[in-house]
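Worksheet: the structure to be examined is printed underneath.
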Amino acid sequence: MKKFQLVAHPADVCIKATGTSLDDIFSASLEGLCSILIRDFDTQNFEQKEQFELTVNSDDLECLLVEFLSESLRIMHTHKVILIDSTFEYIKQNSLKATLIAAEIEEFDEDVKAVTYYQAKVEFLENSYFISKITLDI
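Below, the structure is given as structure tokens:
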């Protein structure tokens with residue numbers, strides 16, 4: 375079962391991600407982003423080619439998620455890769471350090487112009503679950 379859901383929005387797409395940790399929702403949000411760029415995205419269909427180290431600092435957790443996804447999108451566009459895995463050394467309230475594993479691609483099926491701050495949300499729910507919502511401009 376996927377840990378993310380794509381939600382239709384006029385001219386935009388929202389990603390709602392759930393998990394039991396911040397690692398879960400950051401990873402699920404990244405997988406959601408990749409599933410828009412590549413139809414029928416499945417990490418098993420790609421061979422690891424490159425690795426990227428990413429450190430992000432931000433004002434708060436919502437901005438951190440937006441900036442993490444924005445940097446990930448920049449890496450994918452700049453290097454013509456799709457990110458197939460992510461591991462986090464740490465995710466704090468306003469910073470993270472991650473290793474991103476990428477596979478080379480010829481082209482994207484869909485374009486994502488930007489990750490927006492519009493209605494960005496990261497919440498901790500009572501039942502030990504995190505939920506996030508991010509809007510993408512397509």
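Mapped onto the numbering used here, the consecutive letters of the sequence shown carry residue numbers 375 to 512.
A virtual CB, placed ideally from N, CA and C, is assigned to each residue, including glycine.
- Item | Straight-line Cα distance separating aspartate 485 from leucine 510 | As a first step, residue 510 must be located in the sequence shown, where it is residue number 136. As a first step, residue 485 must be located in the sequence shown, where it is residue number 111. Rounded to whole angstroms, leucine 510 to aspartate 485 spans 10 Å at the Cα level.
- Task: Use the C-beta contact count for serine 395: other C-beta atoms within 10 angstroms, 16 or more gives buried, fewer gives exposed.
- Result: Residue 395 sits at position 21 when you count from the first residue of the sequence shown. With fewer than 16 other Cβ atoms within 10 Å, it is exposed.
- Could you give the DSSP three-state label for aspartate 416: helix, strand or coil? As a first step, residue 416 must be located in the sequence shown, where it is residue number 42. Secondary structure at aspartate 416: coil, using DSSP grouped into helix, strand and coil.
- Message: What does DSSP give as the partner residue(s) for phenylalanine 378 in the beta ladder?
- Response: Here the question's residue 378 lines up with position 4 in the sequence shown. Its beta-bridge partners are Ala391.
- Residues bridged to leucine 474 [DSSP beta-bridge criterion]: Here residue 474 is taken as the residue at index 100 of the sequence shown, counted from 1. Its beta-bridge partners are Phe426, Ser460.
- Task: Leaving out five residues on either side along the sequence, give the residues of the same chain with a beta carbon under 7 Å from the beta carbon of glutamate 421.
- Result: Within the sequence shown, residue 421 is the residue found at index 47, counting from 1. So the qualifying residues of the chain are Ala477.
- Task: Determine the direct distance from the alpha carbon of leucine 457 to that of aspartate 414, and round the result to whole angstroms.
- Result: As a position in the sequence shown, residue 414 is number 40, starting the count at 1. As a position in the sequence shown, residue 457 is number 83, starting the count at 1. Roughly 14 Å separates the two Cα atoms.
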